[in-house]
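A.B. asks: Sharing a structure, written as structure tokens. Questions coming.
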Amino acid sequence: MPSNNASSIPESQVLPRAQENPWYIQHFIKLLIGFGLGGGAVAILLPWMLWLLCGMSSGSSDQLRLHLLYVTGGIIAVLTLLQTNWKNQGDRLKIDADIKKNEQDAEKNERDHIRQVHSERRSRYTKAIEQLADEKATVRLGGIYTLVGLVDEWLADDSLEQDEQQKEGQVIINSLCSYIRSPFPLALKAEMFEGDSEPDNYEGDFSKDQAAFHEEQDVRRTIFVEMSKRSSTFTRDAIRTVIDTFPGMWSDFEFDFSRAPIFYPLNAVTIEKGNFSGARFYAGANFVEATFTCYADFRAATFACYADFVMATFTSNANFSAANFTSNANFVAANFTSIADFHETRFTSDADFCWATFTSNADFYRTTFISNADFQGARFTSIASFSKATFTRRVIFCSTTFTQYGPIFAMADSEERKAQFSAGAEPRDYDFSVSSESKPIKCQTATLLGKSFTIPIGTILFDPDSWDKEKQEYTRISEPVQ
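Using this note's numbering, the first residue of the sequence shown is number 20, and each one after it goes up by one.
Structure (structure tokens):
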């Protein structure tokens with residue numbers, strides 16, 4: 020094979036020279052000429068010498084000459100076949116080497132392309148993060164949509180393993196959650212901006228601040244809307260109870276909204292693994308028909324205005340422990356399919372749980388109801404504990420259903436864990452007439468401040484004006500109802 024072809028074979032595939040050029044290739048021309056001339060000479064001279072010296076007939080001489088030419092032609096043909104076979108092997112090696120080189124080049128180009136795509140995404144991420152700090156709301160919105168799109172791109176990137184996809188996406192999710200948690204000073208004036216008229220003696224440009232407030236509401240709520248679109252989807256039955264849940268693209272991400280200032284409605288969104296612990300809700304918390312498909316954490320959250328969870332669905336544990344509702348809390352027709360934890364929660368205004376459904380344990384231990392507590396029509400299918408809870412105003416359990424266990428208002432083995440009812444209310448304000456299908460609430464009469472109340476057995480009737488700050492207890496109470 021010519022040496023210029025051998026140079027195209029990768030170095031790792033070049034054979035030793037002795038193997039690259041076999042002896043019959045190295046001397047192919049010489050052998051070809053030698054066998055041709057030699058065979059021809061023998062074919063001419065040998066029959067002639069045998070005829071001359073041995074008296075071979077002319078016919079036999081011609082036959083011998085013909086056979087010698089055949090042999091010579093056969094040897095030349097074999098040499099040609101060997102040379103052709105060697106050349107074909109060399110061509111195959113070259114083709115294989117070219118294919119491998121092309122594959123290597125393609126892989127390299129693919130790797131370079133992937134690196135370029137990843138680098139371009141990170142560049143877009145950096146630019147989008149910068150946009151979130153822009154003064155214009157439209158620019159901030161553009162940054163949010165860019166970040167949301169980048170998460171989708173990382174999740175759809177087949178060049179990465181699933182855990183790498185999640186890792187890249189979680190970085191962006193963390194940035195979006197960080198924006199939600201970032202302070203917004205105008206949120207403190209949410210009630211003013213939600214009003215219909217400019218308040219008197221407002222410091223600053225009210226119209227400008229109000230516009231900025233509403234713009235930021237739209238920007239931050241957009242993040243929740245986009246998260247909701249990509250979180251779990253679900254189907255409801257005729258009474259809008261969630262009967263099936265399907266994980267969405269973002270269902271494996273962690274969302275941390277702890278200590279976030281929430282001053283915008285979040286109705287009809289789907290929250291995945293939402294952590295609102297320590298969050299502060301200004302100008303109302305609107306979670307109407309919201310669906311919490313994983314653990315809903317509202318521990319120590321503060322609801323500075325109304326809290327609206329009408330027809331909200333909690334498919335996993337709902338933790339409102341130590342939360343503070345300073346205005347009305349509306350859980351009408353809410354559906355708690357797992358543990359509902361309201362222990363040490365404080366309801367300063369009305370707490371409305373009418374027609375709510377508690378499928379698992381409901382814990383209201385040491386919960387404080389400063390105003391009306393309405394559980395009319397609610398349904399508890401597991402343990403409902405109100406031990407150590409404090410009820411100051413109207414308490415309604417009319418038409419409530421406790422299907423398996425009666426509600427716990429006092430622990431028989433503990434003098435401390437007794438629910439407390441204020442004698443400052445009117446006797447008619449305490450209604451424990453549960454539905455006919457329910458386990459009963461056993462009650463007896465207790466008298467204080469000249470009024471008789473029917474309250475659950477084992478609980479305490481107290482005078483709200485007799486609070487002892489040092490002892491942290493009410494000093495005037497009725498005899499425990501037995």
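We treat Cβ as the ideally placed atom computed from N, Cα and C, and that holds for glycine. Treat the numbers as computed from the prediction; the structure is a model and nothing was measured.
Going by Cα to Cα distance, which pick from 377, 395 and 442 is closest to residue 409?
C.D. replies: Taking the sequence shown and counting its residues from 1, one reaches residue 409 at position 390. Comparing Cα positions, the closest option is 442.
A.B. asks: Can you tell which of 368, 366, 411 and 337 has its C-alpha closest to the C-alpha of residue 381?
C.D. replies: Looking up residue 381 in the sequence shown gives position 362. Minimum Cα distance to residue 381 is reached at 337.
A.B. asks: Check for me: the alpha helix (DSSP H) holding residue 428 runs from which residue to which?
C.D. replies: Taking the sequence shown and counting its residues from 1, one reaches residue 428 at position 409. Segment: none, residue 428 is in no alpha helix (DSSP H) and carries neither H nor E.
A.B. asks: Which one of 50, 373, 132 and 437 has the shortest CA to CA distance from residue 407?
C.D. replies: As a position in the sequence shown, residue 407 is number 388, starting the count at 1. When each option's Cα is compared against that of residue 407, the closest is 437.
A.B. asks: Figure out for me which residue from 193, 178, 174 and 192 has the closest Cα to the Cα of residue 184.
C.D. replies: In the sequence shown, the residue the question calls residue 184 occupies position 165. Looking at the Cα atoms, 174 is the closest of the given residues.
A.B. asks: Please confirm whether residue 47 and residue 102 have their CB atoms less than 7 Å apart.
C.D. replies: For the purposes of this step, residue 47 is taken as the residue at position 28 of the sequence shown. For the purposes of this step, residue 102 is taken as the residue at position 83 of the sequence shown. Yes, the pair counts as a contact, with Cβ atoms nearer than the cut-off.
A.B. asks: State the CB to CB distance for the pair residue 62 and residue 91, rounded to an integer number of angstroms; the pair is presumed to be in contact (CB under 8 Å).
C.D. replies: For the purposes of this step, residue 62 is taken as residue 43 along the sequence shown, with counting starting at 1. For the purposes of this step, residue 91 is taken as residue 72 along the sequence shown, with counting starting at 1. Confirmed, about 7 Å.
A.B. asks: Identify every residue that forms a DSSP beta bridge with residue 449.
C.D. replies: Walking along the sequence shown from the start, residue 449 turns up at place 430. For residue 449, which the question treats as bridged, DSSP gives the partners 414.
A.B. asks: Measure the alpha-carbon distance for residue 362 versus residue 132 and round it to whole angstroms.
C.D. replies: Stepping through the sequence shown from its first residue, residue 362 is reached at position 343. Stepping through the sequence shown from its first residue, residue 132 is reached at position 113. C-alpha separation (whole angstroms): 55 Å.
A.B. asks: Let me know the beta strand (DSSP E) ranges lying completely inside the region 161-217, each 3 residues or longer, listed in chain order.
C.D. replies: Taking only runs of at least 3 residues, no beta strand (DSSP E) segment lies wholly in the region 161-217.
A.B. asks: So what's residue 314 in DSSP terms, helix, strand or just coil?
C.D. replies: Residue numbering aside, residue 314 sits at position 295 when the sequence shown is read from its first letter. Residue 314 falls in the coil class under three-state DSSP.
A.B. asks: Classify residue 127 as helix, strand or coil using the three-state DSSP reduction.
C.D. replies: Taking the first residue of the sequence shown as 1, we reach residue 127 at position 108. Here residue 127 sits in helix by DSSP.
A.B. asks: CB residue 340 to CB residue 360, shorter than 7 Å?
C.D. replies: On the sequence shown, residue 340 is found 321 positions in, with the first residue counted as 1. On the sequence shown, residue 360 is found 341 positions in, with the first residue counted as 1. A contact, by the Cβ cut-off of 7 Å.
A.B. asks: Give me, in chain order, the residues of the same chain whose beta-carbon lies closer than 7 Å to that of residue 196; leave out the 5 immediate sequence neighbours on both sides.
C.D. replies: Position 177 of the sequence shown, counting from 1, holds the residue named residue 196. The answer, listed in chain order, is 274, 275 and 276.
A.B. asks: Could you round the C-beta distance between residue 460 and residue 481 to whole angstroms and report it? I think they count as a contact, below 8 Å.
C.D. replies: Taking the first residue of the sequence shown as 1, we reach residue 460 at position 441. Taking the first residue of the sequence shown as 1, we reach residue 481 at position 462. Between residue 481 and residue 460 the Cβ distance is about 19 Å, and since that is not below 8 Å, they are no contact.
A.B. asks: Can you tell me whether DSSP reads residue 462 as helix, strand or coil?
C.D. replies: Position 443 of the sequence shown, counting from 1, holds the residue named residue 462. Strand, per DSSP.
A.B. asks: Go ahead and pull the three-state DSSP assignment for residue 47.
C.D. replies: Residue mapping note: residue 47 aligns to position 28 of the sequence shown, counting from 1. The answer is helix: DSSP assigns residue 47 an H, G or I state.
A.B. asks: State the DSSP-derived secondary structure class of residue 493, mapped to helix, strand or coil.
C.D. replies: In the sequence shown, residue 493 corresponds to position 474, counting from 1. In this structure, residue 493 counts as strand in the three-state DSSP scheme.
A.B. asks: Within 10 angstroms of its Cβ, does residue 114 collect 16 or more other Cβ (buried), or is it exposed?
C.D. replies: Taking the sequence shown and counting its residues from 1, the one referred to as residue 114 is at position 95. Exposed, by the Cβ-count rule.
A.B. asks: Under a Cβ-count criterion, where at least 16 other Cβ atoms within 10 Å of its own Cβ denotes burial, should residue 412 be classed as buried or exposed?
C.D. replies: For this step, residue 412 is matched to residue 393 along the sequence shown. With 16 or more other Cβ atoms within 10 Å, it is buried.
A.B. asks: I need the straight-line Cα distance from residue 169 to residue 282, nearest angstrom please.
C.D. replies: Walking along the sequence shown from the start, residue 169 turns up at place 150. Walking along the sequence shown from the start, residue 282 turns up at place 263. Computed Cα separation, rounded: 27 Å.
A.B. asks: Near residue 468, which residues of its chain fall below 7 Å by C-beta distance, leaving aside the five closest residues on each side in sequence?
C.D. replies: Working through the sequence shown from its first residue, we reach residue 468 at position 449. Counting only Cβ-Cβ distances below 7 Å, and skipping sequence neighbours, we find 442 and 482.
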